[in-house]
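Residue numbers (the working numbering), protein chains in the order written: chain H, 1 to 352; chain W, 1001 to 1296; chain S, 2001 to 2317. For reference, the structure is listed below as structure tokens.
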Amino acid sequence: MNESTPIALPSLVDRGGPAQPLLIIDRLRKHFAVRGSKAVVRAVDGVSFTVAKGETLGIVGESGCGKSTTARLIARLMPADAGEMVFDGDGVGQFGGMALKDYRRNLQMVFQDSLASLNPRLTALDAIAYGPQVHGLGKAAALSRAAELLVRVGLAPNQFGSRYPHELSGGQRQRVNIARALAFEPRLLILDEAVAALDKSVQAQVLNLLQALKAERGLTYLFISHDLHVVHYLADRVLVMYLGLVVEVGPVERLYAQPRHPYTRALLSAVPSMDPARRTERSPLSGDPPNLINPPSGCRFRDRCAHAHAACAAAAPVLRETAPGHWAACHLDDPSSGHPEAPARAAMAFTA
Amino acid sequence: MPTAVVALVLASPAAAPRRGYWHGVARQLARNPVAVVSASLLLLIVLAALFAPWLAPADPYKASMIRRLLPIGSVGHLLGSDELGRDMLTRLMYGGRLSLLMGVLPVLFAFVIGTSIGVIAGYVGGWVNMAIMRTFDVFYAFPSVLLAVAIAGALGPGMSNSLIALTLVFVPQVVRVAESVTTQVRQLDYVDAARLSGAGPLSIIRVHVLGNVLGPVFVYATGLVSVSLILASGLSFLGLGVKPPEAEWGLMLNTLRSAIYINPTLAALPGAMIFVTSMAFNLLADGVRSAMDIRL
Amino acid sequence: MLAYLFKRLLYTLPIALGVTLVSFTLVYLAPGDPLNAIAPADAPADVIETLKATYGLDRPMPVRYALWLTRALHGDLGASIATGRSVASEVLSAAGNTLLLAAVAAVAGVGIGCVLGALAGYHAGGWVDRIASAVSVVGVSVPHYWLGLVLTIVFSVKLGWLPAMGAGPGGSGEWLWDADHLSCLILPAATLSVIPMGIITRTVRALVADTVNQEFVVALRARGLSSAAVFRHVAKNAAPTVLAVAGLQVGYLMGGSILVETVFAWPGTGFLLNTAIFQRDIPLLQGIILVLCLFFVALNLLVDLAQPLLDPRIRRA
């Protein structure tokens, strides 16, 4: 092996220290033009949040709320229309900020469709080894690293390493996808519905693997899902999206126990209960989610909300901190919004 | 939807490079009598053409004024002699060389050129894609026979001119298929994952896109071979392709035309060769395609 | 839907323009001076100059193209170098003959193909299916110019039933629907019809077999709908695609008739093209290619515009 091909990727440096959030997203926006008309689909319409180092942030919401688009924007798989991203103190994609190739090493993504995520012509080992080779690692070193990673995700290299994607089960494929993502030694891992397509038992195994990996390597996770049970299990904080906007964000236990936003409340009550003694009777959410092209004026949730009022149509609510670290965007929490129920609710806030 | 495209990609020959796979295909093919007969026939024709200089009974250019248009089964001329007294069997074998070449080469060139352009158009997308595809759309507005004849006619008679004409006719078709498949493959998650790895477009195309595009395009291209054979011979039939005294099936059909009143079967022989070769190729290609459909 | 129609029309214009450009410049691909076709090499200089001016060869290419195009839009395609007659009138009368041939061949080919394909698709795996697949493979694999020769040999040389060549006693000028003329039409039309027959048979068979297996047909049958009614449903589903393919085939027949017309000396555009190529008659060449291709483009447009009529899904979009 010649001297110039490295045998290990240079390790990534924690530049900002423990207090610096790993990722800051500020007013991210992405609109898609509709073919043949001037309408735009406002998929992501001003989303801001932060991700602390070492935490798991869960992002939940209905289909079409913009979670996957947000993930792809963060991964810079598509250009954003507006908004800024700061990774560990460095701007991303800006002049003087971090280069895209370096960003790619810091951040990786695992997709939902495990079969479509793997090149049908590459074996598991080759697929994992591709990334490090792009970043300069020699082929032999990359392959041995790939073998180590396979071991770590629970697949024996000599049995599974030379298999093609169609020769693996869904759970095995997702493990390969995780191994491929880890090959870069990233600091942030985005999991976009990564376990959604798996059977429950397989899901449990993969989730446990994710937990173990996070602890070993000090990873930070962005976990996108529509499955509230899974998010409850995995996440430290949860962010709820609706129609391209953030409606609520807070620590997982508090958010699940005392959701502030009517949408979150509806979502949580819509979850089938695991306890036969306390069955869910009726679904509080009615109707289909409205169009992303023509969202309602003011608060976007108002035509499905039980507490809707004229004030909700007049102005869009902003995120307000209703408890330490718990933010919600609802006029009910804002005494000055003009909503009749607001003052009573505000008095209830900041309790427990 | 992604899984449908993945299925399409998986169904193409190069997608599952598994050790046992090609054995399975061959075995399936062997059980198909039509395919076996076609394959053997094709092999016979190709070998006869390939080894013509050694196998042919006579000199393809040697004319004889007294032994013209001898019927099939004459002494010394198993398949008779043509209008200039040359041995038909020999001429047919030598003719096969040029005809088969003209059938395969344009498709090969069009495959290479068309795939390159199509993959670039499909991968880059945007206005580059629009510009390329709209340009080729103009060529798509020409019926292929007309375009081939027009280009060959403009360039003049000759084998290389016919080759150019036919290649130019097939390139737009291959570009269309290649661009379409590339666009679909490009949207799959594994290409996104490759982009996430920080790889440059050339590496992504080489490792992730090309291998999955070549399969379907190759399947399409094989369908063009018989068209190319017929068109090429057709060009020679019109006097635009191979020039006399070379032996080529289409040209022979042309020169023997007046003989249909004297010895019709003889006159029809070269065309029969084109027909049989083309049919054997199509039947074999169909058989291979259905053998490859047997999935995992 | 109006927007769809408008968009299609708009889209066709640049294609048509591109076609005119290619038609014009194609003939100049050849090496050598186009002047050689018009004047002998040893002509005196002033004769050459006059000829150049007459045919506009003394101007640069873009100018020539613009002039040619403007005249063409007024129906003037110049004069044939060989005969001196108006290119437009020659092409149009030849086109009439080819259209006749193509139309008859298309009707026969598409008609038989539809019937055969539908029967084969309905009774997939039966003996009709086997005949149909034989027909489609033969249709695609046979060199049609050879088929023409074979048919000539059988019906003209051996049996003497039909004439081998030509378009009838009146020559290329007049056409009458009488026995003399029709007997000249039969062989070339039959030869030409084999191509669309093969393709349509295969297309229709695949479509019908697919549709018949679809759940909604099973549901229809389960509700007791008669076979004829089910067939109508199947036909409606298959119609848009069949129309598109048939339309294209007619276009190909018009454009690709040169080989068959050469075999039968049928005085159509293909035959004229052949003559023009060998005489290097540039205006005639440009005129023929232009007319044939624009016809093809127009046909494609027509087929596209007819699609919404047959496919309600497009109408709604």
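From the three backbone atoms N, C-alpha and C, an ideal C-beta is built for every residue, glycine too.
* Do you know offhand how far I2258/S's Cα is from F1109/W's? -> 25 Å
* L2272/S: buried (16+ other C-beta within 10 angstroms of its C-beta) or exposed? -> buried
* Quick one: give me the first and last residue of the beta strand (DSSP E) that L245/H is part of. => 245 to 251
* Is K200/H helix, strand or coil by DSSP? -> helix
* Asked: How long is the line joining the alpha carbons of S201/H and L122/H, rounded to whole angstroms?
  -> 27 Å
* Asked: What three-state label does DSSP hand Q108/H in the structure shown?
  -> strand
* Asked: Hey, does M1001/W have any beta-carbon neighbour from chain S nearer than 8 Å?
  -> Confidence at M1001/W is low in this model, with a pLDDT of 44, below 50, so its placement is unreliable and the value that follows should be read with caution. It does not; no Cβ of chain S falls within 8 Å.
* Under a CB-based cut-off of 8 Å, is F1170/W close to chain S? -> no
* Asked: Closest by CA to H2233/S, which one among A2244/S, R2221/S, L2243/S?
  -> Looking at the Cα atoms, R2221/S is the closest of the given residues.
* Asked: Any idea what DSSP makes of G58/H, helix, strand or coil?
  -> Correct three-state label for G58/H: strand.
* Asked: Around the Cβ of M1130/W, are there at least 16 other Cβ atoms within 10 angstroms (buried) or fewer (exposed)?
  -> For M1130/W, the number of other beta carbons within 10 angstroms of its own is below 16, and it is reported as exposed.
* **N2300/S, buried or exposed, once every other Cβ within 10 Å from all chains shown has been counted against 16** => buried
* Asked: Taking the beta strand (DSSP E) that W327/H falls in, what are its first and last residues?
  -> 326 to 328
* Hey, is A1011/W's beta-carbon within less than 8 Å of any beta-carbon in chain S? -> Confidence at A1011/W is low in this model, with a pLDDT of 49, below 50, so the placement of that residue should be treated as unreliable; the coordinate-derived value is given next. A1011/W does not count as touching chain S.
* Asked: Within this structure, are the beta carbons of V51/H and P21/H separated by less than 8 Å?
  -> yes
* Asked: Can you list the beta strand (DSSP E) stretches of 3 or more residues lying completely in the segment 164 to 231 of chain H, in chain order?
  -> 188 to 192, 220 to 225
* Asked: In chain A, which residues lie less than 7 Å from S117/H when you measure between Cβ atoms?
  -> The chain labelled as chain A is not found among the protein chains of the depicted structure, namely H, W and S.
* Please name the residue in L2029/S, L2151/S, P2196/S, A2120/S whose C-alpha comes closest to that of A2105/S. => P2196/S
* Asked: Between the Cα of W1054/W and the Cα atoms of Y1094/W, S1040/W, I1230/W, G1076/W, which residue gives the shortest distance?
  -> Y1094/W
* For D2180/S, which of S2193/S, L2192/S, W2161/S has the nearest alpha-carbon? -> W2161/S
* How would you call S2193/S, buried or exposed, if buried means at least 16 neighbouring beta carbons within 10 angstroms? -> buried
* Are the segment 1166 to 1173 of chain W and the segment 1142 to 1152 of chain W touching by the rule of at least three beta carbon pairs closer than 8 Å? -> Touching, yes, given that three or more Cβ pairs across the two stretches are closer than 8 Å.
* Asked: If you compare alpha carbons, which of L2151/S, Q2286/S, V2022/S, K2007/S is closest to S2086/S?
  -> Q2286/S
* Among V1227/W, I1204/W, T1255/W, which residue has its Cα nearest to the Cα of Y1123/W? -> I1204/W
* Asked: Going along chain W in order, which residues have a C-beta closer than 8 Å to the C-beta of L2029/S?
  -> I1151, A1154, L1155
* **Cβ separation of A367/H and P157/H, assumed to be a contact under 8 Å, to the nearest whole Å** => In the structure as shown, chain H starts at 1 and stops at 352, and residue 367/H therefore has no counterpart that could be examined.
* How is E2049/S classed by DSSP in three states: helix, strand or coil? -> helix
* Taking only beta-carbon positions, decide if H135/H is within less than 8 Å of chain W. => yes
* Taking only beta-carbon atoms, is N2213/S less than 8 Å away from chain W? -> no
* Cβ neighbours of L2119/S in the same chain (closer than 6 Å, five flanking residues each side left out) -> V2128
* Asked: Roughly how many angstroms separate the alpha carbons of A197/H and V206/H, rounded to a whole number?
  -> 12 Å
* Would you mind stating whether V110/H and I59/H have Cβ atoms separated by less than 8 Å? => The Cβ atoms of V110/H and I59/H lie no closer than 8 Å to each other.
* Chain-ordered chain H contacts of G1076/W [CB-CB under 9 Å] -> Here the premise fails: no neighbours, minimum Cβ distance about 56 Å.
* Is A82/H helix, strand or coil when you go by DSSP? -> strand
* **chain H within 8 Å of S1081/W, Cβ atoms only** => no
* Run the CB neighbour count on T322/H, radius 10 Å, all protein chains shown included, and call it buried at 16 or more, exposed below. => So T322/H counts as buried.
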